[in-house]
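K.L.:
What follows is a single structure, and I will ask about it in a moment.
The structure is reproduced here in structure tokens:
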């Protein structure tokens, strides 16, 4: 019988001494299996025992099985089960929600089974799991429980172990009929309780806490029920149906590269794997599970916050593979231990894990700094169990439109987030039917951890997380939504004609191709109809406005929608960061007498890097300088000579950079930071910094600054932007209680940020001055 790894189900025909374990849910199934046994056993009277082991939610009557496990060591134990087929199910997998009430048609009751057999006996297929000798089973039992040779093999625990092994062998056989998508964990709690490492860890914890180990076992039992997912085929099918409903407003087919999908299939089959998806909406966690289901990949165990474990919804998702994790459990050592060993068990059995890499939905659109908690527990579990070759696979979902963006934008301006509830969930699902364009999936190269670092190695954890983030950013594509928002926010408040828009999109596409940046299908194919269809969806949603009464169609973004548009822009700004730094540094050189222009250029680049270190992921400084130099070389191969020549060379480089993107990339961050710096620069001597008070004040002052046009857009008003501005000031030592020196430094930073914003405003004006010429320069390097 199987130990969890796939094998071809066989029966050892040469073995005359067999014990058949019949996995039968009712008398009809038992009769079918007994008929099969008698038809294949020849003249000898077969030995058998019947157990309903397919459902592991109840205790098994093991007395008969235990009595029949005292045969010769060579006796072959052969598990049997009936698999009920559903006509046409493999074509459209059309299970209905009524099956929640009347039961899974793959597990019919006695009456239903008789009716099926009367109509078509071929729907009942006999499954024969891989056989194993009693001697093999005893050896395997001792190895897994840590007992000596033969120790305890006449116990009820050994009988239970044999029953579980029979179920696992039959599961392997059934997956050959139904598909890999139905590979689900079985008997997890029993496996953990009997695991020597879990027992040893619990005993060690008992000593540390000064409590009886029996008390910890009793405390661990309900925690296992809370943490362990209990997926089944029925709920996986129903979950897939819910996933399809969630994406009802999107095009039916998700875009995914076939080669990347094939690589992912191989990784999931051969390695312990975690899929880490970027989290921008409530539904992006469903895209990896939908991809797995529709392509017959192993089911993903998705981690979710305990706040989603509500009423019927929580139980539904737990039964379809979701693991609900408490938001905080630092002071709950037993919970922590159970979670760690559960993760280790899933890794060891090749059940892939999945969670939102940055730990929360991004309220800004760009990749957020990662939360290390789940990654740390996965690595700790791998380290504790010696699991090698853990693969972290970055997974990026791109949506033309995201329903949640309006909510995120409102939250950033201070509106209180609505609590999740069943009613909220129903309303959210109803809204998902609105036309929203297409979905694209991009799968990054895996970050492979051959040997997991120890629990105290925080630096290694940070490096792994950074590598995942960089790879996720690398495979994030440019989409129609993100590119149009980047362009239109860069020209706002001026609109853009259709011809100007197409020319600029064409220039950005050529720029992206030269740098190996991915493009969505509509951009890559140059399919005007697909592009127009997406643009129509954006206009109908209200994100973009289109004025059609004049001689040319003009596109723009309503100022009230700038925070929403900035969300889509922020998804791709990291691709343009090096270009933005080059442009801003060149404009700063143009506007100041810098002496050594080359040295001043690199000083400006490093200062921009430091100012926005809480917004982006940077490589080491030397690598970053090399990337900047490579980008300059693409703009102008003679850049170093031009830069060294002073003002004239700088002006020539600026002309080579047209059209400009720096202001569209960094202006909102500089303006938001300036709001925070302005508030702190007006503090009274001795006044301490209260983060929440500063955040509340910044929301008010930011609105005032927008009305006075001290900032150019409401996209610069947001709680996360202000929080990062405060983090910068704290990093610079400017968040200490106010002293004359600190107040002077705050005012100096404020002047610097306002000066930087002014430079970017001059860039915007330079871009507008070129607008009339853009249609004739569509092939120009962007």
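Numbering (my numbering), first residue to last: 285 to 1066.
Backbone N, C-alpha and C define an ideal beta-carbon position, used for all residues, glycine too.
Given the structure is predicted, the values throughout are model-derived calculations rather than measurements.
If we count Cβ pairs, one from each stretch, closer than 8 Å, do we get three or more for the region 509-519 versus the region 704-724?
P.N.:
no
K.L.:
Note down, one range per segment and in chain order, each beta strand (DSSP E) of at least 3 residues found wholly within the region 800-831.
P.N.:
829-831
K.L.:
Any contact between the region 350-366 and the region 447-454? By contact I mean 3 or more CB pairs, one from each, below 8 Å.
P.N.:
yes
K.L.:
Please check the pair residue 663 and residue 745, which I expect to be a contact at CB under 8 Å, by giving their CB distance rounded to whole angstroms.
P.N.:
7 Å
K.L.:
Please identify the residue among 1000, 394, 690, 460 whose C-alpha is closest to the C-alpha of residue 314.
P.N.:
Minimum Cα distance to residue 314 is reached at 394.
K.L.:
So is residue 688 buried or exposed if we call it buried at 16+ other beta carbons inside 10 Å?
P.N.:
Classification of residue 688: buried, given that the 10 Å Cβ count is 16 or more.
K.L.:
Just tell me which of 637, 606, 758 has its CA closest to the CA of residue 680.
P.N.:
758
K.L.:
Run through the DSSP bridge pairs and tell me what residue 302 is partnered with.
P.N.:
360
K.L.:
Is it right to say residue 439 is buried, meaning 16 or more other beta carbons lie within 10 angstroms of its own, or is it exposed?
P.N.:
Around the beta carbon of residue 439, a 10 Å sphere encloses fewer than 16 other beta carbons of the protein chains shown; the residue is thus reported as exposed.
K.L.:
Classify residue 1049 as buried or exposed, calling it buried when 16 or more other Cβ atoms lie within 10 Å of its own Cβ.
P.N.:
exposed
K.L.:
With a cut-off of 8 Å, does the C-beta of residue 886 fall near any C-beta of chain B?
P.N.:
Looking at the structure shown, chain B is missing, and only one protein chain is on hand.
K.L.:
My guess is that residue 879 and residue 840 are in contact by the Cβ rule of under 8 Å, so how many angstroms apart are they, rounded?
P.N.:
Actually they do not touch by this definition, with Cβ atoms about 42 Å apart.
K.L.:
Helix, strand or coil for residue 539, going by three-state DSSP, please let me know.
P.N.:
strand
K.L.:
Could you check which residue in 301, 309, 349 has the C-alpha nearest to that of residue 326?
P.N.:
301
K.L.:
Use the C-beta contact count for residue 896: other C-beta atoms within 10 angstroms, 16 or more gives buried, fewer gives exposed.
P.N.:
Around the beta carbon of residue 896, 16 or more other beta carbons sit within 10 angstroms, so the residue counts as buried.
K.L.:
Using beta-carbon positions only, say whether residue 726 and residue 802 come within less than 8 Å of one another.
P.N.:
yes
K.L.:
With a floor of 3 residues, list each beta strand (DSSP E) that falls wholly inside the region 614-682, ordered by position along the chain.
P.N.:
637-640
K.L.:
Under 8 Å, do residue 676 and residue 731 count as touching if we go by C-beta distance?
P.N.:
yes
K.L.:
Would you mind sorting residue 574 into buried or exposed? The rule is 16 or more other CB atoms within 10 Å of its CB.
P.N.:
So residue 574 ends up on the buried side.
K.L.:
Kindly provide the ranges of any alpha helix (DSSP H) runs that are 4 or more residues long and lie completely inside the region 733-781, ordered along the chain.
P.N.:
The region 733-781 contains, as complete alpha helix (DSSP H) runs of 4+ residues, the segments 742-759, 764-775 (chain order).
K.L.:
Would you say residue 982 and residue 949 are within 8 Å of each other, going by their C-beta atoms?
P.N.:
Not closer than 8 Å, so no.
K.L.:
Three or more C-beta pairs closer than 8 Å, one from the region 624-638 and one from the region 558-566: is that the case here?
P.N.:
yes
K.L.:
Kindly provide the ranges of any beta strand (DSSP E) runs that are 3 or more residues long and lie completely inside the region 443-531, ordered along the chain.
P.N.:
none
K.L.:
Alpha carbons only, please: which of 411, 330, 372 is nearest the one belonging to residue 307?
P.N.:
411
K.L.:
Mind the definition here: the region 760-774 touches the region 839-854 only if three or more C-beta pairs lie below 8 Å; say whether that holds.
P.N.:
yes
K.L.:
Out of curiosity, what's the CA-to-CA distance linking residue 1037 and residue 861?
P.N.:
17 Å
K.L.:
Quick one: is residue 696 buried, meaning 16 or more other Cβ sit within 10 Å of its Cβ, or exposed?
P.N.:
buried
K.L.:
Helix, strand or coil for residue 859? Go by DSSP, reduced to three states.
P.N.:
helix
K.L.:
Measure the C-alpha to C-alpha separation of residue 596 and residue 590 and round it to an integer number of angstroms.
P.N.:
14 Å
K.L.:
Let's test the definition: count the other Cβ atoms within 10 Å of the Cβ of residue 1042 and tell me whether it reaches 16, buried, or not, exposed.
P.N.:
exposed
K.L.:
Going by DSSP, what residue range makes up the beta strand (DSSP E) through residue 410?
P.N.:
408-412
K.L.:
Judging by CA-CA distance, which residue of 409, 611, 751, 965 is the nearest neighbour of residue 651?
P.N.:
Minimum Cα distance to residue 651 is reached at 751.
K.L.:
Our contact map puts residue 538 next to residue 571 with C-beta atoms below 8 Å; I'd like the distance itself, whole angstroms only.
P.N.:
Contact between residue 538 and residue 571 is confirmed by a C-beta separation of about 7 Å, below the 8 Å threshold.
K.L.:
Please specify which runs of the alpha helix (DSSP H), each continuous and at least 4 residues long, are wholly inside the region 999-1062, giving them in chain order.
P.N.:
Runs of the alpha helix (DSSP H) lying entirely within the region 999-1062, each at least 4 residues long, are 1003-1015, 1024-1053 in chain order.
K.L.:
Do you know how far the Cα of residue 527 is from the Cα of residue 371?
P.N.:
23 Å
K.L.:
Under a Cβ-count criterion, where at least 16 other Cβ atoms within 10 Å of its own Cβ denotes burial, should residue 434 be classed as buried or exposed?
P.N.:
Note that residue 434 scores 49 on pLDDT, short of 50, meaning its location in the model is unreliable and no value can be drawn from it.
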